[in-house]
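Note that the UniProt record's numbering numbers the sequence shown so that position 110 is 110, with each residue one more than the last. Don't be surprised by glycine CBs; every beta carbon is placed ideally from N, CA and C. Given the structure is predicted, the values throughout are model-derived calculations rather than measurements. Scroll down for the structure; my scribbles are underneath it.
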Amino acid sequence: MKQKLLTAFLVTLLFLLPITIEVEAKGPGNSSQNSKHNRTVEPIVSPIVEPTVEEPVVTPIPENNDPIEEEPKQSLFTYIVQSGDTLWKLSMTFGTTVEEIKTINKLTSDMIFVGQVLLIPGVTEQPAEQPVIQSDFLILGYYTKYWSTDLNSYRSLESYHTHLNSIAVTTFQVDNKGNIESMAAPEALKLAKEKSVRTYATIQNHFQPALTHTILSSSELRKTTITNIYAVVLENDFHGVNIDFENMYATDRQLFNQFIKEVSEFFKPKGYDVIVSVTAKTADNPTWAWSGTFDYAFLGQHAKLQLMTYDNSGTWSAPGATSGVDWVENVLKYATALVPSENLLIGLPAYGYEWYSATGQGIRALSMRQIETILSQTKATVHFDEKTQTPFFSYRDDQGTERVVWFEDERSISAKMKLVSKYNLGGVSMWRMGQETDQFWQAVTTHLK
C-alpha cells in the first residue's frame, strides 16, 4: 500500500513540475562586432537533431524584429587580363588585395600579361567604388607623345583615368612667328572625352630663350601667338591652356608677365582655365636665368601656377633626391606667401636619376617602371633617407661598376601628398604619364579619400 501511494505521489509530482530546456547558441551570431572585417554575417547553423517523442520542441524567440541583412555573396570567378590591367588595378576594381590575388593564383611577382586567366576573389555584386575626385581639385597628368607611334602616355590614361581628372597634352610648340607646331594626338583627346577627363593644351617654347624673347618683345607677335593658341583650343575642344615656357632670359621677366596677363584676359572671359608652369624656387632672384623670369606674385594673380617641384637633383648634380619633401615644403612656404594656395599645383615626378657611385657623375634619368625592373633583376636593398623622405639603392652593372639610384615610391609620393593637404593646395600634377607604376597612383588616391 505504501509503495502504491509513493508511486502515485511521484507521478503527480512529475506532471506538476515545470520542465526547462536550455538551448546553447553556436557560432559567432549576427553582430558586426564578431566579424574581422566588421561586416554583418549569417549565423552558423549547427546540424539539427530530431527530438524524440518524449522531448518538447522549443521554438526560438528572436531578440528583436529587425531584419537580418545577408552578407553579399563572395566567390572566386575567372577574369581574363586586358590591356592596361595591373594587379593593383584589379584589386581596386573588385574590392580585394594584390596579395589575395597573388596567393590564390600562386603568383611569385606582380607581373601579369594580356590574355592570362586569373581567379579573382571578392564581392561580385558590389565592386569597389572608385575614388571620388572633387571637381575643383585638379589632378593633372602630363601626356607626352615624342613620335607618331608613342603610346606610353595613352596606355597610362587607359589604366589610370579614374585616378586623375585632367591631362595636359604636351604636343604643341610655338615658333618665332607665333605659329603653333604640333604632333597630332587625336587618340588622347578621344579617350579623354570618353572618360570625362578634362584636357589642356600645353604650349611650349622649344626651350629656346632667343625664340621666346622674339615673341615676348613684340605686341603683334604676342597677339598672333594667342590667336593661334585659341585656334588650337577650338579645333581640339580643349578645356584650358597651359603655358610651359622654360629656359628664358631673366631680363624678359616683365615681358613674360605681360604675355600671361594678355593670355588670361583673352581666355578666362571665354570660360577657359589658364595654368602657367613655373620653376620651383624658395626665394626670388630676378637675375637668375633659370627661375628669375617667374614672378610668382604677379603670375598668381592671373593664372594657376604649376610648381615644377622636381629636378632639385639630377645628372648635372651630386646624387640625391629629385623631389625631397624638405625642399618641396620650402618651395610651398615661399609660394603660398605670395599666391593663394588654391591657385597652386604641386609637381610630382614619376622618375629618378642614376649616378656612378665612385665619382658621383650623373648617368641617366630612369622611370619608376625602369627602376622597378632593375630592382627585380638585381635584388638590390632599398634604403630610405628620412630627411628627404626618398628611397635609394646601389647595384653593380654588367661591368661590375657600382651605380646609385635615387627615385620615387609610394612612401615618397605619400609624403608630398601630405603637403597638399597641409597647405590646402588646388591640385597636383605629375610628370609624366607612362613612367609611373601602380604605387604612384595608390599613394595619390589614398590621400584623396
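Residue i burial status per 10 Å Cβ neighbour count (16 or more: buried)
{"i": "V132", "result": "Only weak support exists for where V132 lies, its pLDDT of 43 falling under 50; the value from the coordinates is given anyway. Exposed is the call here."}
{"i": "residue 458", "result": "Nothing can be reported for residue 458: it is not among the residues displayed for the chain, which extend from 1 to 449."}
{"i": "W327", "result": "buried"}
{"i": "H163", "result": "buried"}
{"i": "W288", "result": "exposed"}
{"i": "M433", "result": "buried"}
{"i": "W355", "result": "buried"}
{"i": "Q173", "result": "buried"}
{"i": "R364", "result": "exposed"}
{"i": "E408", "result": "buried"}
{"i": "K190", "result": "exposed"}
{"i": "H383", "result": "exposed"}
{"i": "T445", "result": "buried"}
{"i": "R403", "result": "buried"}
{"i": "Q82", "result": "exposed"}
{"i": "G352", "result": "buried"}
{"i": "R198", "result": "buried"}
{"i": "V58", "result": "Confidence at V58 is low in this model, with a pLDDT of 33, below 50, so its placement is unreliable and no value can be given for it."}
{"i": "S333", "result": "Reading off the sequence shown, one finds Lys at residue 333, where the question assumed Ser. Label assigned to K333: exposed."}
{"i": "P319", "result": "buried"}
{"i": "L90", "result": "buried"}
{"i": "Q389", "result": "buried"}
C-beta contact flag for residue i and residue j at 9 Å
{"i": "S159", "j": "D85", "result": "yes"}
{"i": "S196", "j": "L255", "result": "no"}
{"i": "Q306", "j": "V278", "result": "yes"}
{"i": "L118", "j": "I167", "result": "no"}
{"i": "S421", "j": "V405", "result": "no"}
{"i": "V276", "j": "G240", "result": "no"}
{"i": "L425", "j": "I139", "result": "no"}
{"i": "G347", "j": "V428", "result": "yes"}
{"i": "F238", "j": "Q204", "result": "no"}
{"i": "M430", "j": "A335", "result": "no"}
{"i": "H161", "j": "A192", "result": "yes"}
{"i": "Q435", "j": "S323", "result": "no"}
{"i": "residue 458", "j": "A443", "result": "With the chain covering only 1 through 449, there is no way to say anything about residue 458."}
{"i": "Y249", "j": "H213", "result": "yes"}
{"i": "I229", "j": "I180", "result": "yes"}
{"i": "T227", "j": "I215", "result": "no"}
{"i": "N257", "j": "D284", "result": "no"}
Backbone secondary structure at residue i - three-state DSSP
{"i": "K387", "result": "coil"}
{"i": "A210", "result": "helix"}
{"i": "A297", "result": "helix"}
{"i": "F137", "result": "coil"}
{"i": "Y154", "result": "helix"}
{"i": "A250", "result": "helix"}
{"i": "F392", "result": "strand"}
{"i": "L107", "result": "coil"}
{"i": "Y356", "result": "strand"}
{"i": "L448", "result": "coil"}
{"i": "I203", "result": "strand"}
{"i": "F113", "result": "coil"}
{"i": "L348", "result": "strand"}
{"i": "V382", "result": "coil"}
{"i": "E262", "result": "helix"}
{"i": "M430", "result": "strand"}
{"i": "Q82", "result": "coil"}
{"i": "Y160", "result": "helix"}
{"i": "N228", "result": "helix"}
{"i": "F172", "result": "strand"}
{"i": "K195", "result": "coil"}
{"i": "P319", "result": "coil"}
{"i": "N65", "result": "Confidence is the limiting factor: at N65 the pLDDT is only 37, short of 50, which leaves the residue's position unreliable and the question unanswerable from this model."}
{"i": "S166", "result": "strand"}
{"i": "E402", "result": "strand"}
{"i": "E42", "result": "Below a pLDDT of 50, predicted positions are generally treated as unreliable, and E42, at 33, falls in that range; the measurement from the model is reported next regardless. Residue state, collapsed to three classes: coil."}
{"i": "M308", "result": "strand"}
{"i": "E408", "result": "coil"}
{"i": "T59", "result": "With a pLDDT of 34 at T59, under the threshold of 50, the modelled position of that residue is not reliable, and the figure given next carries that caveat. Coil, per DSSP."}
{"i": "T279", "result": "strand"}
{"i": "S367", "result": "strand"}
{"i": "S182", "result": "strand"}
Distance between beta carbons of residue j and residue i, contact taken as under 8 Å
{"i": "P286", "j": "N247", "result": "With a Cβ gap of about 16 Å, P286 and N247 do not count as contacting."}
{"i": "L262", "j": "R222", "result": "Before going further, note that residue 262 is Glu rather than Leu in the sequence given. Contact holds; Cβ gap of about 6 Å."}
Point to revise | Three-pair Cβ contact test at 8 Å for the segment 97–110 versus the segment 300–320 | key: no
Check your understanding: How about the segment 432–441 and the segment 406–419: do they share at least three Cβ pairs that are nearer than 8 Å?
Key -> Touching, yes, given that three or more Cβ pairs across the two stretches are closer than 8 Å.
**Study point:** Segment contact, 8 Å Cβ cut-off, at least three pairs: the segment 328–347 with the segment 287–302
**Key:** yes
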